[in-house]
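Okay, so here's the structure we're looking at.
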Amino acid sequence: MAFKSDIEIAQEAKLEPIKNIAEKIGLTEDDIEYYGKYKAKVDYSLMSKLKDKKDGKLILVTAINPTPAGEGKTTTTVGLGDALSKLGKKTMICLREPSLGPVFGVKGGAAGGGYAQVVPMEDINLHFTGDFHAIGAANNLLAAMLDNHIHQGNELGIDPRRIIWRRCVDMNDRQLRFVVDGLGGKANGVPREDGFDITVASEVMAVFCLANDLKDLKERLARIIVAYTYDGKPVTAGDLKAQGAMTALLKEALKPNLVQTLEHTPAFVHGGPFANIAHGCNSVIATKLALKLADYVITEAGFGADLGAEKFLDIKCRYAGLKPDAVVIVATVRALKYNGGVPKANLNEENLDALKKGISNLLKHVENITQKFKLPAVVALNRFPTDTEAELKLVSEECKALGVNVVLSEVWAKGGEGGIELAKEVLRLIEEGKNEYAPLYPLEMSLKEKIETIAREIYGADGVDYIPAANKEIENLENLGYGKLPICMAKTQYSLSDNPSLLGRPTNFKITVRNVKISAGAGFVVVLTGEIMTMPGLPKKPAAENIDVDETGRITGLF
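Take 0 as the starting number for the sequence shown in numbering that gives the first Met the number 0 and just add one per residue.
This is the structure:
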């Protein structure tokens, strides 16, 4: 049986005019700005109008560590939203916007899959409403103003060797990781080492997603540290008087983007920091507005629960004053067998020994959510035709031993109908109300204590090794008064450790901290571990090679 591709399913779908989708959540034409027939931006001033309205219930979707076998976290998020809608619940979905880097690289887009997608899929995965271009422009305006300040006389006394602000582009381009610029003589600037990050790793993206409103956005942008002076004092975007112009570039982008699922459930797709190098959650504005507009809001956090969910619960919820009502942890039998050492080519074969070994990865994530963060959880097992009854039973029994139910999900093939049982279990967890959520650590801890708490409690590490430069920067940041900020760990997504080849549930390992960076505007300290990079590269055969457009403008090859 030949399956239709995600883009074929999306292109065959009959979409509702976005005006109709807005009406479902009580919005009028005065509340939205049209971006064509099927996309709209929603005015963030609505928050003040709805401030006295009771919040809906917040459901977080996370997953095991990602594998080449695929897990389907976004697909589950969309399918669960459609299932709750089918059960008559007023529901909204909150997702991140996809980055062009993965779209043209290995991972592909981030609009769900099969019959659980947000649409228009091509628009969402490509330029969409231009938000990422605005974020990149704001980032690069700040870089231009910084270098111009030095060129025009350097009144602030900026040390060109201690510039920490990099330019960005929303593309996987390893050639730009390290560059030398300002060459060609006096008229062309001051020569120095420089580099590019991918846009989703820019602090402007993190600031954008954590800001509560336009005023908060401008204040956060002003606090961004871009360099240090010759005598070691931080230089901010505010010192360069850049925050006003940056906010002007971001003013329209800050309005959440309204789209729909294939089954016409309203969805906000807004903001998109990576979870392995940033905090990996959609915008606070979109999530908080959705909670005013719907009774149930489903959102996802990037990669595995060790990254996206930890940052959602320790950073986003802390700053936004949010409290999740339930958590869904997504896994597949195939991915668990891969974690147990089965090569990708053999994942269709039953292998209970490897499955038992690989389940350890899932169980650690379950423990983290239910025991470390004290939240009610369910495991959504995305079902494949090759899964055997013995394999499904084993996963269910192992999770039940931790007090968590496993529900089979078939949203990829059946849309909302395939997520009804999952939706019922989520509703049961919410109604049961066994929820003692608290962040993992208090902000009063030192930076090292917070880093070591995450490494020990969430990853299962024995401890943390710091290279000398990282030690020095931690001391510097605490002396500058940044010791009470939360931690944003930059770590490989493929393992609970900082070594991508250590699958399952590694033991007897330490986390190596090789660099520490302040994100004063976002309000966290970024801790870079292992070999993590802020500018990915393209693979030997990029997904871009398969993407094409015919003479009618119809796109093919996106996934």
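Don't be surprised by glycine CBs; every beta carbon is placed ideally from N, CA and C.
Taking 8 angstroms as the cut-off, the beta carbon of Ala266 is found no closer than this to the beta carbon of Val329. If the five residues before and after Gly188 are omitted, its C-beta is found closer than 6 angstroms to the C-beta atoms of Asp146, His150, Gly181, all from its own chain and listed in chain order. Excluding the 5 residues flanking it on each side, Leu306 has same chain C-beta neighbours closer than 7 angstroms at Ala274, Asn275, Gly279, Lys490, Gln492, in chain order. For Gly78, same chain residues with a beta-carbon under 7 angstroms away, outside a window of 5 residues either side, are Ala115, Ser408, Val410, Gly414, Gly415, Gly417, Gly418 in chain order. Assigned with DSSP and collapsed to three states, Leu391 falls in helix. Ala110 is not a Cβ neighbour of Ile92, given a cutoff of 8 angstroms.
In the DSSP assignment, Asp547 forms a beta bridge with Thr555. Nearest to Cys316 by alpha-carbon distance, out of Ala252, Ala437, Ser201, is Ala437.
Between Ser201 and Asn138, the beta carbon gap of about 5 angstroms places them in contact (Cβ cut-off 8 angstroms).
Asn211 carries a coil assignment under DSSP once its states are collapsed to helix, strand and coil. Closest in C-alpha terms to Ser44, from the list Asp212, Thr90, Gly237, comes Asp212. Residue burial annotation: Arg333 is buried, with at least 16 other C-beta atoms found within 10 angstroms of its C-beta.
Judged by their CB atoms, Lys291 and Lys23 are not nearer to each other than the 8 angstroms cut-off. Counting C-beta atoms within 10 angstroms of its own C-beta, Pro485 has 16 or more neighbours from the protein chains shown and is therefore classed as buried. Take the alpha-carbon of Val168 and the one of Ala543: they are about 17 angstroms apart. Boundaries of the alpha helix (DSSP H) harbouring Asp122: 120-124, taken from the DSSP string. Minimum Cα-Cα distance from Phe127 among the listed residues Met144, Val102, Pro159 corresponds to Val102. Within the same chain, Cβ atoms closer than 6 angstroms to the Cβ of Ile429 are found at Lys56, Asp324, Ala325, the five residues on either side in sequence being excluded. Considered as a whole, the segment 370-440 harbours 376-381, 405-408 as its complete beta strand (DSSP E) runs of no fewer than 3 residues, in chain order.
Taking Gly104 as the centre and dropping the five residues before and after it, the same chain places the C-beta of Asn171, Pro535, Leu537, Pro538, Pro541, Ala542 closer than 7 angstroms to its C-beta, in chain order.
In the DSSP annotation of this structure, the continuous segment of the alpha helix (DSSP H) that includes Ser359 starts and ends at 351-366. Runs of the beta strand (DSSP E) lying entirely within the segment 57-129 and spanning at least 3 residues, in chain order: 90-94, 115-118.
Tyr295: member of the beta strand (DSSP E) spanning 295-299, first to last residue.
If you keep only unbroken beta strand (DSSP E) runs of at least 3 residues inside the segment 495-550, you get 509-518, 523-528.
DSSP places Leu288 in the uninterrupted alpha helix (DSSP H) bounded by 283-292. Note on geometry: alpha-carbon atoms of Arg95 and Tyr34 lie some 18 angstroms from one another. Annotation for Lys447: the continuous alpha helix (DSSP H) segment containing it runs 446-452.
Below 8 angstroms, enough C-beta pairs join the segment 503-513 and the segment 443-461 to call them touching: three or more. Ala252 sits in coil when the DSSP states are folded into three classes, being neither helix nor strand. Collapsing the DSSP output to three states places Met204 in a helix. Per DSSP, the unbroken beta strand (DSSP E) holding Cys487 starts and ends at 486-489.
Of all alpha-carbon atoms in Ala252, Ile223, Ala186, Lys232, the one lying nearest the alpha-carbon of Ala241 is that of Ile223.
Inclusion of Ile20 and His269 in the CB contact set at 8 angstroms is not warranted, their separation being larger than that value. For a cut-off of 8 angstroms, the C-beta gap from Val425 to Ile466 is around 43 angstroms, too long to register as a contact. Spatial neighbours of Val524 in its own chain (CB-CB distance under 8 angstroms, excluding positions within 5 residues in sequence) are listed in chain order as Leu446, Leu476, Tyr481, Leu484, Pro485, Ile486, Cys487, Val515, Lys516, Ile517, Ser518. With a cutoff of 8 angstroms on beta-carbon distance, Leu249 and Phe207 are scored as near each other.
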